[in-house]
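Each residue of the sequence shown is one higher than the one before, starting from 3 at the first, in our numbering. Here the structure comes first, spelled out in structure tokens, and everything after it is commentary.
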Amino acid sequence: MPATYPPLALACDALALLGLLATWPFNLQYLLQGGSLAPAAFFGAALLTPLTTAFTIDLYISALAFSLFAWVDARRTGVRRPWLYVMLCFCVGLAFALPLYLARREQALARTGGRR
């Protein structure tokens, strides 16, 4: 780890790991119990109750907002490969991709002295 590794980047990396470890056991459980990633089956399960519908809609709107922000912000701050964070958001999860992006953003800002 470089000596200039920002403390906020370290905290965000820890949150990314937490986001991965806290959510993926449930994703694996869903898949191991015969759940499908086919859109009809997946969204059928995700929109099953009013509560899961609210969480699903909230999550996807947040994921779209994050994706737009990351794509534009990466150009301003020098974060490399913004497409990777968008892909991780929709393939792994927002709880992983968002803090991971923020950690890389902090590192990019530290490299440039916060100037962009």
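All C-beta atoms, glycine included, are put in the ideal place defined by N, C-alpha and C. Everything numeric in this text was worked out from a predicted model, so none of it was measured.
Roughly how many angstroms lie between the CA atoms of residue i and residue j, to the nearest whole one?
i	j	result
alanine 112	glycine 80	11 Å
valine 88	leucine 61	14 Å
methionine 3	tyrosine 103	Residue placement at methionine 3 is poorly supported in this model, since its pLDDT is 49, which falls under 50; the coordinates still yield a value, given next. Answer to the nearest angstrom: the Cα atoms are 17 Å apart.
leucine 12	glutamate 108	9 Å
proline 41	alanine 99	21 Å
tryptophan 85	phenylalanine 57	24 Å
proline 1	alanine 105	The structure shown does not extend to residue 1, since the chain is modelled only from 3 to 118, so the question has no answer here.
valine 74	proline 52	33 Å
glycine 2	leucine 66	A query on residue 2 cannot be resolved here, the shown segment of the chain reaching from 3 to 118 and no further.
isoleucine 59	leucine 90	18 Å
proline 27	leucine 20	12 Å
phenylalanine 71	glutamine 31	31 Å
leucine 39	tyrosine 7	37 Å
With distances taken Cα to Cα, identify the nearest neighbour of residue i among the options.
i	options	result
asparagine 29	Ala110, Gly116 and Gly95	Gly95
glycine 116	Phe45, Arg78, Cys93 and Pro101	Arg78
Could you tell me if residue i is buried or exposed, where buried requires 16 or more neighbouring beta carbons within 10 angstroms of its beta carbon?
i	result
threonine 114	exposed
serine 69	buried
cysteine 14	buried
alanine 47	exposed
proline 101	buried
alanine 24	exposed
Is the separation between the beta-carbon of residue i and that of residue j shorter than 9 Å?
i	j	result
leucine 33	alanine 97	no
arginine 82	alanine 110	yes
In chain order, which alpha helix (DSSP H) runs of at least 4 residues are fully inside the segment 87-117? With a minimum length of 4 residues, the continuous alpha helix (DSSP H) runs that stay inside the segment 87-117 are 96-114.
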